[in-house]
Amino acid sequence: EAEVAQSPRYKITEKSQAVAFWCDPISGHATLYWYRQILGQGPELLVQFQDESVVDDSQLPKDRFSAERLKGVDSTLKIQPAELGDSAMYLCASSSPGQAKNIQYFGAGTRLSVL
Amino acid sequence: LAKTTQPISMDSYEGQEVNITCSHNNIATNDYITWYQQFPSQGPRFIIQGYKTKVTNEVASLFIPADRKSSTLSLPRVSLSDTAVYYCLVGNTGTASKLTFGTGTRLQVTL
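Chains A and B, in that order, give the protein sequences.
Each residue of the first sequence is one higher than the one before, starting from 114 at the first, in our numbering.
Each residue of the second sequence is one higher than the one before, starting from 975 at the first, in our numbering.
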């Protein structure tokens, strides 16, 4: 079964450093999502791509977060500079609008710890 | 976006049927109801989706009354491995669909 790939699985960084997360969606999925999940809470959508275009980034803290999907396939989420409050799980998901249900498939996530 | 309300936690013994109810009073006409399961340190996993009446797959059943203001996820004969957080979401399945997760229901299954 095809999966959404994310790397790294774990990242420890110091405050004010830059970090980047990578996501490779399921082949053929045009829609890609980045979520942030704080421990004990549900995932919160940060940004949504349709192919290479941003559809929704209303919850993305744009002063420090950036996301790109240059060729409409894999995607990178960057934080610069990282703050203590950024410690969370960062999840990537993809879906295919062509599917009747448009179900989102999630990767295993990247757990970020900011020290 | 329709807001959902679920119990924060539930406990069950292995082998029992578990029913988790979700309220979504302001669901829109073109919204579907979708349930996800999440284990610790993993991403959410799709369980089941429905629009009205009843949907059943190999994992669960989803019951939706005529007014669609609530839905119930039914897990038959749960096992220890069903211990997880279950999220109920409502939204349409269009290209710009957006899922809004709540805090979910934490199900604990014991022997």
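C-beta atoms are modelled at their ideal positions from N, C-alpha and C, and glycine is treated no differently.
It should be emphasised that the depicted structure is a prediction, and the values quoted were computed from it without experimental measurement.
Interface flag, residue i vs chain A, CB-CB below 8 angstroms
| i | result |
| --- | --- |
| B/R1019 | yes |
| B/T1084 | no |
| B/Q980 | no |
| B/T995 | no |
| B/F1075 | yes |
| B/Y1025 | no |
| B/Q1011 | no |
| B/Q990 | no |
Residue range of the beta strand (DSSP E) that includes residue i
| i | result |
| --- | --- |
| A/A206 | 201 to 208 |
| A/T126 | 123 to 126 |
| B/F1013 | Here B/F1013 belongs to no beta strand (DSSP E), and DSSP marks it neither H nor E. |
| B/F1037 | 1035 to 1038 |
| A/V117 | That residue, A/V117, is in no beta strand (DSSP E); it is neither H nor E in DSSP. |
CB contact check: residue i to chain B, cutoff 8 angstroms
| i | result |
| --- | --- |
| A/L190 | no |
| A/P121 | no |
| A/G185 | no |
| A/A201 | no |
| A/L204 | yes |
Integer Cβ distance of residue i from residue j, believed to fall under 8 angstroms
| i | j | result |
| --- | --- | --- |
| B/T1008 | B/S997 | With a Cβ gap of about 15 angstroms, B/T1008 and B/S997 do not count as contacting. |
| A/P156 | A/L204 | 6 angstroms |
| B/Y1010 | B/Y1061 | 5 angstroms |
| A/Q146 | A/A206 | The question names Gln, but residue 146 of chain A in the sequence shown is Tyr. At roughly 4 angstroms, the Cβ-Cβ gap stays under 8 angstroms, so A/Y146 and A/A206 are in contact. |
| B/A1034 | B/L1047 | 6 angstroms |
Opposing strand residues paired with residue i [DSSP bridges]
| i | result |
| --- | --- |
| A/V160 | A/W147 |
| A/K250 | This structure leaves residue 250 of chain A out entirely; chain A is present only between 114 and 228. |
| B/Y1025 | None; B/Y1025 has no bridge partner. |
| B/A1002 | According to DSSP, B/A1002 bridges with nothing at all. |
| B/R1080 | B/S983, B/V1059 |
Selection of the segment 142 to 162 of chain A by Cβ proximity to chain B, strictly under 9 angstroms: A143, T144, Y146, Y148, Q150, G153, Q154, G155, P156, E157, L158, Q161
What are the residues of the segment 120 to 139 of chain A that lie near chain B, defined by any Cβ-Cβ distance shorter than 8 angstroms? none
Interface residues of the segment 213 to 226 of chain A facing chain B [CB-CB below 8 angstroms]: A213, K214, N215, I216, Q217, Y218, F219, G220, A221, G222, R224
Short of 9 angstroms Cβ to Cβ, which residues in the segment 1027 to 1061 of chain B face chain A? V1059, Y1061
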